[in-house]
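Chain order of the listed sequences is A and B. According to this note's numbering, the first sequence holds residues 105 to 848 in order. According to this note's numbering, the second sequence holds residues 137 to 331 in order. Read the structure below first, then the notes.
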Amino acid sequence: MAQVEDKQAQGPQGPYNWPSRKDSKVIGKNHERMDGIEKSTGAAKYTYDVNLKNQLIAKALGSPHAHCRINGIDTTAAEKVPGVVHVHILPHAEAGSEIKWQGELLAIVSAESEGAAAEGVDALKVDYEVLDSFTSDSDLKGAEEAGVTARGGGKVQTVNEPGDDDDEDEWVDAEIERIFKESKHIVEGYYGVDAITHCCLEPHGSTVAWEGDKLKAYLSTQNVSGTDEGFANDLEISADSVDVECTYVGGGFGSKFAPDYWGIAAARISKETGRPVKLMLSRDQELKLGGNRPSGYLQVKLGADADGVVQVWDSHHWGTSGVSGSGVSHTVVPYVLVPPNYRRKATAIRTNLVRARAWRAPNHPQACAITQTAIDDLAASMGKDSYDVFMANLANANNEKAEVYTEEMKIGAKLIDWKAKWHPHGKGDRNGSVVEGLGMALHTWGGVANTSECTVKIHPDGGVSSFCGTQDIGSGTKTVCAMVLAETLGLSTNQVTVNYGSSTYPFSGASGGSTTVGAVSESHRRAATDALTVLKGKVAEKIGADAGTLVASDGRIHVAGDKDKGLGWKEACGLLGLKPLEITRGHTRGDASPLSNSGVGGVQMAHVCVDLDTGVVKMKEFVAVQDQGLVINPVTCKSQIYGAVIMGIAAALYEQRIADPATGALLNAELADYQLARLGDIGDIKIELYEPESERQRGVIGNGEPPAISPIAAISNAVANAIGARVSTAPYTPQRVLEALKNA
Amino acid sequence: MSASYENTDGFNRRAFLKGSGAVAAAASLHQQASEVSAADSKEVVSGSKKITLNVNGEDVSVEVEPRTTLLEALRYQLDLTGAKPVSMDGSSGASTVLINGKPKMASTTLAIACRKKKITTVEGLGTEIPKAFVEADAQQCGFCTPGFIVAVTAFLDKTPDASNDEIRNGLNGNICRCGTYSNVIDAVTNVVKGG
């Protein structure tokens, strides 16, 4: 982790804090996304849109086999295709190499046009030796027989402890058995979530060019400040010799942190040909290689007391994150609601599928979906209202947020009218063949502020600009930066120029883990606060006031409570003389700060309709109540939640990566086949930002991830409530709903 | 490369689209190629040729091969990069443009099939709908947004008084991965109310 350099040798430092709700002029007020017009008129230039003079278009051949050996690649015909300039065989595809997943890129053809590059790829002749593959990630028995399983971790926690003479395993068996015997209610269940792909609409890729020994890389990335090193390490040059640029990125949900080997290859091809090279993955390559979320399948037995509070949990889960094994971490099972006694075990399955990449809230959505469904089944078996059983189980909340969840549940229930609409599982009114149901789930996340540094420059003519190597992945980061600067300096957002998206700017951490809003709020607030202190000193001297009494508001620096006693912004900046004032400040991830924090909760509730004849599930209503400390821009904050919920609807009802068990081929790696939610599929979504003073006082916390966690579980529970049976595995497709009804 | 739009006996129509990248849309492309051939009384073979397209009200010259899609011509020769290459089979709607006022996927349309037609890209539309998108924050990463803007334009031309149900049923050709649909519904609703 990069450390913020100590550039604070001169100049003021703090104190740093946020204005109260009452005193805030900009923060906490809805502010339009500042790059919105560029995006919606087509003026915004994404990596894919950067076309450099004399550039080559590169396209790659991917392995059609999930497991094979490459005996050789004949490039002769490809090289003869008119317009083809260069053919590059990737190092991992040299003769004799073993390829372990479908889609892995083997060779890259660079040409004068897309057509010529694609024709060149078609002309490559590869001698493959097809090998056996295993991709059936839900099939634990089959995986064991194939010898592709490994222990994925586990833990036992009990209130009582074994005696010194006890055999620990035997004692645990007996103790868990004993608690089950004492349990008033017992539920056994099987729950699963299939793997999904990131499916960024702008695929992974870059346009690269050398200027002498310096590499300029336009890269679709969530990690502007960190990827210059990624290029530099592989190309054996210094990070100073690489400029990474990314003002707009067309989707990044945890998969775009590195140049990737195809980015490195593009740079090598560019060097060899002396021409800029554009290499973007094709759609099927994006779905096959561009990142996926591990699958998770869980068998569980739980025991609860008379009130439905779970006292004991015994589970085994498995799944795959691809060729390296691994899967859903055991550490988040059971999820949030962790009973005093539990035994959890995970098994990792190695498959002939590309390695998973971090997907929005790694591990949490699956953990939530495969465990809080069991809580809902407990309510069903007791014939009790799921809301009441979840409320009772807040006694087991493992993150000291039970009170917040309680309030959020109350708000959610009111918004969805839970008490009026709820009915016992499978006992609702039928409207023709359609039944309705309600379900809920809750989640947790960190959202700590990442390391970030910002330079604020105030010019003698009053101009203000900031420089920070962060990126705006669509969450509204640019707007947040401008709002923080404007609030701090008493200006409006159109009086500040926010510069970001270049690795030449001060370091700012990758956008992953919901860490960006905290990061940039920290660095921009700090730099602007200290710059203002310098300016206040100059104004104080000029007007003969005590600098400590001065405030910046409405475009003036003046004595608090006396607008007339002060100077206009431009006049104040004129006191700087000829040289602009330049201050760099930052925050290091993990340092305690009054400006940011970590640890959020969140409650979500779903209302669905299910057609018992066709098995089709439709969203009717969805409620998300989310805390995230202090909210800088409510409108973009809410948009994050809408987006997270809609992604969750897609994962719950539509999307799944389907591999052919016989060949390992991915069968739906095109958008016509890879089903995502469409505009008509989402029902009515209601968002509530939970921001009482107690939350606001905590400072800024990221919210990109948390609201993406609960949707699958909430929707699963709503479907179960509607039809009176559990559809075990997401996505809850018509076929699976009909099977669950048949087996019920 | 020389232009060669000539009659050729035994010409294999499949060959000339080699490398068009739009494999999934091959049937549609062959249909377009046949129409072009019929109109010119000539077979479309290979090589590149200068043609004139009418884009956003202006006649512009582009050099295309028979396999060149409209999307490629717009993006690589005219620097009109609003229409996006998301799915070459057109199932994402990201490359939506208007051809003679109707929404079409530029990714599954051959440039040569667009001669004498009026092509309008997102860059050639007004700002009323983009502004409504900004006001409703109907965009996140924004990569799908231009396609939505064009689709909404065509939808509202046809259905200016669209009801909520009509909006929800009429805009399902475009995919947004970030999940801005709720905001898009708000944006379109606001345009309908304002209009």
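Where is the CB? At the ideal position from N, CA and C, for every residue including glycine. Please read these numbers as outputs of a predicted model, since none were measured by experiment.
Tell me the start and end of each unbroken alpha helix (DSSP H) in the stretch 743 to 787 of chain A that is at least 4 residues and wholly inside, in chain order.
-> Counting only runs of 4 or more, we get nothing.
Give me the Cα-Cα distance between residue 149 of chain A and residue 718 of chain A, rounded to the nearest whole angstrom.
-> Locating residue 149 of chain A in the first sequence gives position 45, where the first residue counts as 1. Locating residue 718 of chain A in the first sequence gives position 614, where the first residue counts as 1. Rounded to the nearest angstrom, the two C-alpha atoms are 44 Å apart.
Measure the Cβ-Cβ separation of residue 432 of chain A and residue 466 of chain A and say whether it is below 7 Å.
-> Indexing the first sequence from 1 puts residue 432 of chain A at position 328. Indexing the first sequence from 1 puts residue 466 of chain A at position 362. Cβ distance not < 7 Å, so residue 432 of chain A and residue 466 of chain A don't count as in contact.
Checking contacts by CB at 7 Å: is residue 307 of chain B closer than that to chain A?
-> By one-based count along the second sequence, residue 307 of chain B stands at place 171. Residue 307 of chain B belongs to the set of residues whose beta carbon lies under 7 Å from a beta carbon in chain A.
Is there a Cβ from chain B that is less than 7 Å from the Cβ of residue 751 of chain A?
-> Mapped onto the first sequence, residue 751 of chain A falls at position 647. Nearest CB-CB separation between residue 751 of chain A and chain B: below the 7 Å threshold.
Rounded to whole angstroms, what's the CA-CA distance from residue 155 of chain A to residue 212 of chain B? Just pull it up for me.
-> Taking the first residue of the first sequence as 1, we reach residue 155 of chain A at position 51. Taking the first residue of the second sequence as 1, we reach residue 212 of chain B at position 76. Each residue's CA atom was taken as its position, placing residue 155 of chain A and residue 212 of chain B some 7 Å apart.
Distance, Cα to Cα, residue 512 of chain A vs residue 371 of chain A?
-> Within the first sequence, residue 512 of chain A is the residue found at index 408, counting from 1. Within the first sequence, residue 371 of chain A is the residue found at index 267, counting from 1. If I take the Cα positions, the gap works out to 50 Å.
Under 7 Å between C-beta atoms, does residue 153 of chain A make it to chain C?
-> Within the model displayed, chain C is absent; protein chains A and B are what it includes.
Separation of residue 779 of chain A from residue 210 of chain B, as counted between CA atoms = Translated into the one-based positions of the second sequence, residue 210 of chain B becomes position 74. Translated into the one-based positions of the first sequence, residue 779 of chain A becomes position 675. The C-alpha of residue 210 of chain B lies about 28 Å from the C-alpha of residue 779 of chain A.
Beta strand (DSSP E) containing residue 211 of chain A: first to last residue?
-> Position 107 of the first sequence holds residue 211 of chain A. It spans 209 to 215 - the beta strand (DSSP E) in which residue 211 of chain A sits, taken as one unbroken run.
Residue range of the unbroken beta strand (DSSP E) whose run includes residue 713 of chain A = Your numbering for residue 713 of chain A matches position 609 in the first sequence. Taken as a continuous stretch (DSSP letters only), the beta strand (DSSP E) holding residue 713 of chain A covers 706 to 715.
Cα-Cα separation between residue 638 of chain A and residue 304 of chain A, rounded to whole angstroms = Here residue 638 of chain A refers to the residue found at position 534 when the first sequence is read from its first residue. Here residue 304 of chain A refers to the residue found at position 200 when the first sequence is read from its first residue. Taking the straight line joining both Cα atoms gives about 44 Å.
Verify the CB distance criterion: does residue 213 of chain B have a CB-CB separation below 7 Å to chain A?
-> Stepping through the second sequence from its first residue, residue 213 of chain B is reached at position 77. Interface flag for residue 213 of chain B against chain A is unset, since no Cβ pair is found closer than 7 Å.
Does the count of Cβ pairs from the stretch 177 to 189 of chain A and the stretch 204 to 215 of chain A closer than 8 Å reach three?
-> Result yes; three or more Cβ-Cβ pairs closer than 8 Å.
Just mark residue 725 of chain A as buried or exposed, buried being the case when its beta carbon has 16 or more other beta carbons within 10 Å.
-> Walking along the first sequence from the start, residue 725 of chain A turns up at place 621. Of the other Cβ atoms in all chains shown, 16 or more fall within 10 Å of the Cβ of residue 725 of chain A; this residue is therefore buried.
Partners in chain A for residue 288 of chain B, counting only beta-carbon separations shorter than 9 Å | As a working mapping, residue 288 of chain B is identified with position 152 in the second sequence. Chain-ordered listing is empty here: chain A has no CB closer than 9 Å to the CB of residue 288 of chain B, the nearest sitting near 10 Å.
Spatial neighbours of residue 810 of chain A in its chain, beta-carbon cut-off 6 Å, leaving aside the 5 residues before and after | Position 706 of the first sequence, counted from the start, is the residue given in the question as residue 810 of chain A. Cβ neighbours of residue 810 of chain A beyond the five flanking positions: 547, 549, 704, 706.
So, does the CB of residue 374 of chain A fall closer than 7 Å to a CB anywhere in chain B?
-> Mapped onto the first sequence, residue 374 of chain A falls at position 270. Under the Cβ distance rule, residue 374 of chain A does not count among the residues neighbouring chain B, no pair being separated by less than 7 Å.
Exposed or buried, what is residue 157 of chain A when buried is set at 16 or more other beta-carbons lying within 10 Å of its beta-carbon?
-> As a position in the first sequence, residue 157 of chain A is number 53, starting the count at 1. With fewer than 16 other CB atoms across the displayed protein chains lying within 10 angstroms of its CB, residue 157 of chain A is exposed.
CB contact below 7 Å: residue 291 of chain B versus chain A = Locating residue 291 of chain B in the second sequence gives position 155, where the first residue counts as 1. No, because no Cβ of chain A sits closer than 7 Å to the Cβ of residue 291 of chain B.
Separation of residue 412 of chain A from residue 482 of chain A, as counted between CA atoms | Translated into positions along the first sequence, residue 482 of chain A becomes position 378. Translated into positions along the first sequence, residue 412 of chain A becomes position 308. Taking C-alpha positions only, residue 482 of chain A is separated from residue 412 of chain A by approximately 7 Å.
CA-CA distance, residue 816 of chain A and residue 776 of chain A?
-> For the purposes of this step, residue 816 of chain A is taken as residue 712 along the first sequence, with counting starting at 1. For the purposes of this step, residue 776 of chain A is taken as residue 672 along the first sequence, with counting starting at 1. For residue 816 of chain A and residue 776 of chain A, the distance between alpha carbons rounds to 23 Å.
Compare the beta carbon distance of residue 115 of chain A and residue 687 of chain A with 7 Å and say whether it is the shorter of the two.
-> For this step, residue 115 of chain A is matched to residue 11 along the first sequence. For this step, residue 687 of chain A is matched to residue 583 along the first sequence. Taking 7 Å as the Cβ cut-off, residue 115 of chain A and residue 687 of chain A qualify as a contacting pair.
Kindly list, in the order they appear in chain B, the residues whose Cβ is closer than 9 Å to that of residue 762 of chain A.
-> To locate residue 762 of chain A, count along the first sequence from 1; it is residue 658. Those do not exist, as residue 762 of chain A stays about 16 Å from chain B at its closest Cβ, beyond 9 Å.
Residue 186 of chain A, DSSP secondary structure in three states = For the purposes of this step, residue 186 of chain A is identified with residue 82 of the first sequence, where counting begins at 1. For residue 186 of chain A, the three-state secondary structure derived from DSSP is coil.
Classify residue 289 of chain A as helix, strand or coil using the three-state DSSP reduction.
-> Translated into the one-based positions of the first sequence, residue 289 of chain A becomes position 185. Residue state for residue 289 of chain A is assigned as strand, using DSSP reduced to three classes.
Would you tell me roughly how many angstroms separate the C-alpha atoms of residue 830 of chain A and residue 239 of chain A, rounded to the nearest one?
-> Position 726 of the first sequence, counted from the start, is the residue given in the question as residue 830 of chain A. Position 135 of the first sequence, counted from the start, is the residue given in the question as residue 239 of chain A. If you take the alpha carbons of residue 830 of chain A and residue 239 of chain A, they lie about 25 Å apart.
Residue ranges of each beta strand (DSSP E) within the stretch 638 to 665 of chain A, 3 or longer = Correct list: 654 to 657, 660 to 663.
For residue 423 of chain A and residue 286 of chain B, the rounded distance between their alpha carbons = As a working mapping, residue 286 of chain B is identified with position 150 in the second sequence. As a working mapping, residue 423 of chain A is identified with position 319 in the first sequence. Taking the straight line joining both Cα atoms gives about 42 Å.
Separation of residue 173 of chain B from residue 305 of chain B, as counted between CA atoms = Taking the first residue of the second sequence as position 1, residue 305 of chain B is located at position 169. Taking the first residue of the second sequence as position 1, residue 173 of chain B is located at position 37. Roughly 37 Å between the two C-alpha positions.
Where does the unbroken beta strand (DSSP E) through residue 571 of chain A begin, and where does it stop?
-> Counted from its first residue, the first sequence places residue 571 of chain A at position 467. Following the DSSP letters along the chain, one finds residue 571 of chain A inside the beta strand (DSSP E) bounded by residues 568 to 571.
Is any beta-carbon of chain A found at less than 7 Å from that of residue 167 of chain B?
-> Working through the second sequence from its first residue, we reach residue 167 of chain B at position 31. Interface annotation, residue 167 of chain B: not in contact with chain A, CB-CB separation never under 7 Å.
Per DSSP, which residues does residue 840 of chain A bridge with? Please list them.
-> Here the question's residue 840 of chain A lines up with position 736 in the first sequence. Answer is none; residue 840 of chain A lacks a bridge partner.
Residue 714 of chain A classed as buried or exposed, judged by whether at least 16 other C-beta atoms fall within 10 angstroms | Walking along the first sequence from the start, residue 714 of chain A turns up at place 610. Burial check for residue 714 of chain A: the Cβ neighbour count within 10 Å reaches 16 or more, so the residue is buried.
So, is residue 231 of chain A buried or exposed, given that buried needs 16 or more other C-beta atoms within 10 angstroms?
-> Taking the first residue of the first sequence as 1, we reach residue 231 of chain A at position 127. Label assigned to residue 231 of chain A: exposed.
Secondary structure at residue 544 of chain A, three-state DSSP: helix, strand or coil?
-> Residue mapping note: residue 544 of chain A aligns to position 440 of the first sequence, counting from 1. Residue 544 of chain A: strand per DSSP, three-state reduction.
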